[in-house]
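These notes concern the structure reproduced below.
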Amino acid sequence: MSKPGALLDNEQRLAYWLLVPTFLILFAVAFYPLGSVFYSSLTNDTFASAAPTEFVGLQNYKNLLSVTLVELPPEIDEATGQQVIDPNTGEPEFVSPIQALPRDPRRYREVSTFGLFGNQYVFGATDAEFIESIYDTTRFSLVTIVMETLLGLGIAIALNNAFPGRGLMRAAMLVPWAILTAVSSRIWEWMFIDTRAGFFNIIFQKLGSTDGQTPFLADSSTQLPAAIVIDVWKTTPFMALLLLAGLAIIPSELYEAAEVDGANKWKQFTAVTLPLLKPTLAVALVFRTLDALRVFDLFQIVFAQKKYSMASFAYYQLIDSQALGYSSAASVIIFFIITVFAILYIRFLGVTSD
């Protein structure tokens with residue numbers, strides 16, 4: 048008769064052997080490709096080329112992430128020795144960012160300029176497009192997630208109540224989510240077209256606020272708001288559907304008890320709905336945040352190379368520049384950014400295995 052300790056050891060060994068196929072599959076489909084990208088990011092590998100590959104260490108990362116902040120010196124009038132004043136605005140003028148940013152050992156390009164306490168500063172980077180793609184993608188993600196969560200929660204609460212036609216409303220709500228991103232992006236691209244044929248240009252012209260030729264998708268000040276509108280329209284049903292599932296499992300007895308205690312609707316929402324909806328809300332936020340940070344198709348279709356998301360930047364480095372090593376380094380940085388966001392979300396929102 049086997050002793051209990053020996054039986055337990057045999058079961059543990061059997062469990063380990065049963066896990067071996069899973070680890071092999073996981074290694075083949077996840078760890079090996081990920082390791083290949085890490086290794087490629089340390090080389091000057093060129094896509095679809097027979098050129099020899101050289102190990103360059105962290106050079107790709109240095110070029111992608113090197114940033115600097117330089118205070119712009121005042122523009123001095125040689126004749127008077129005083130700072131030049133713009134005759135139109137009356138503001139003091141400063142040396143141009145191109146002249147102020149370092150060029151050796153690496154050339155920095157302007158990302159943005161700003162004033163602070165009467166001084167003028169320029170923020171530069173060796174790869175300004177990648178830094179801008181991180182900034183734009185982060186802004187896009189934060190704004191869309193907040194809007195989609197609030198709108199989705201409102202829609203979910205409305206659809207959780209019993210009213211005639213609720214089933215039809217739930218089905219209609221899913222239409223934007225069911226449309227392929229490529230199709231919805233193209234539809235909105237036409238709606239944002241910079242002629243009087245564009246829906247928004249017609250509306251704003253009738254309201255008298257524009258001349259009907261606003262280039263929403265070409266002007267840098269309106270590109271990101273346009274992308275946010277498109278994404279909120281398409282993805283809010285996803286958030287509403289997840290939150291509706293969370294609302295459906297809250298027992299109605301809790302609301303009845305709250306009414307007996309004299310709690311109004313707002314008190315019921317803050318004391319019953321939000322606490323019990325927190326796990327569902329946390330999962331929805333984690334999924335949506337990771338999805339937003341990886342946005343690719345919307346930027347690719349609507350903006351092409353006029354504005355990059357992090358993912359579309361890596362894509363163009365690979366396809367247009369054939370810089371496989373450089374694109375891999377950008378992908379590794381994106382991987383770490385998404386990982387940091389996921390860890391912060393999980394810790395902040397208290398998402399646990401329970």
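In my numbering, the protein residues as written are 48 to 401. Ideal placement from N, C-alpha and C gives every residue a C-beta, glycine not left out.
- In the DSSP assignment, Phe170 is bridged to Leu116, Ser159.
- Annotation: the continuous alpha helix (DSSP H) that includes Ile181 extends over 175-207.
- Relative to Ala219, the option among Asp266, Asn208, Ala377, Leu288 whose CA is nearest is Leu288.
- The continuous alpha helix (DSSP H) containing Phe334 extends over residues 321-340.
- By the criterion of a C-beta distance shorter than 8 Å, Ile381 is surrounded in its chain by Leu340, Arg341, Met357, Ala358, Ala361, once the five residues flanking it on both sides are discounted.
- Within the same chain, no Cβ atom closer than 6 Å to the Cβ of Ala205 is found once the five residues on either side in sequence are excluded.
- Ranking Ala389, Ala126, Asn248, Thr317 by CA distance to the CA of Asp338 puts Ala389 first.
- The beta carbon of Thr115 sits closer than 8 Å to the beta carbons of Leu148, Pro149, Tyr155, Phe170, Gly171, Ala172 from its chain, once the five residues preceding and following it are set aside; these are given in chain order.
- Straight-line measurement puts the Cα of Leu221 at about 10 Å from the Cα of Leu215.
- Of all alpha-carbon atoms in Phe239, Ala209, Ala304, Thr282, the one lying nearest the alpha-carbon of Phe334 is that of Thr282.
- Assignment of beta-bridge partners to Ile123 by DSSP yields Gln130.
- Judged by DSSP secondary structure, Lys314 falls within the alpha helix (DSSP H) whose first and last residues are 312-315.
- Short of 8 Å from the beta carbon of Val279, and not among the five residues preceding or following it, lie these beta carbons of its own chain, in chain order: Thr191, Met194, Glu195, Leu198.
- For Ile226, the closest of Leu200, Phe246, Phe285, Phe247 by C-alpha to C-alpha distance is Phe285.
- Counted as a single uninterrupted DSSP element, the stretch harbouring Pro262 is not any alpha helix (DSSP H), since DSSP gives it neither H nor E.
- Ser374: member of the alpha helix (DSSP H) spanning 371-396, first to last residue.
- Taken through DSSP and simplified to helix, strand or coil, Thr283 comes out as helix.
- Separation of Ser375 and Phe85 (C-alpha to C-alpha, rounded to the nearest whole angstrom) is 7 Å.
- Listed in chain order, the non-local C-beta contacts of Ala295 below 8 Å within the same chain comprise Asn207, local neighbours out to five positions each way being set aside.
- Burial of Trp235 is indicated by the presence of at least 16 other C-beta atoms within 10 angstroms of its C-beta.
- In the three-state scheme derived from DSSP, where H, G and I count as helix and E and B as strand, Phe343 is classed as coil.
- Leu371 and Phe94 do touch by the CB rule: their CB atoms are close to 4 Å apart, below 8 Å.
- One Cα belongs to Phe251, the other to Thr136, and the distance between them is close to 30 Å.
- Under the three-state reduction of DSSP output, Thr136 falls in the coil class, being neither helix nor strand.
- With a beta-carbon spacing of about 4 Å, Ile348 and Ser232 fall inside the 8 Å limit used to define contacts.
- DSSP, reduced to helix, strand and coil, places Phe164 outside both helices and strands of the structure shown, so it counts as coil.
- Assigned with DSSP and collapsed to three states, Thr100 falls in coil, not helix or strand.
- C-alpha of Ser368 to C-alpha of Glu101: approximately 17 Å in a straight line.
- Taking all protein chains in view, the Cβ of Ala274 is crowded by 16 or more other Cβ atoms within 10 Å, so the residue is classified as buried.
- Every unbroken stretch of the alpha helix (DSSP H) spanning 4 or more residues and falling wholly within the region 227-262 is given here in chain order: 228-238, 246-253.
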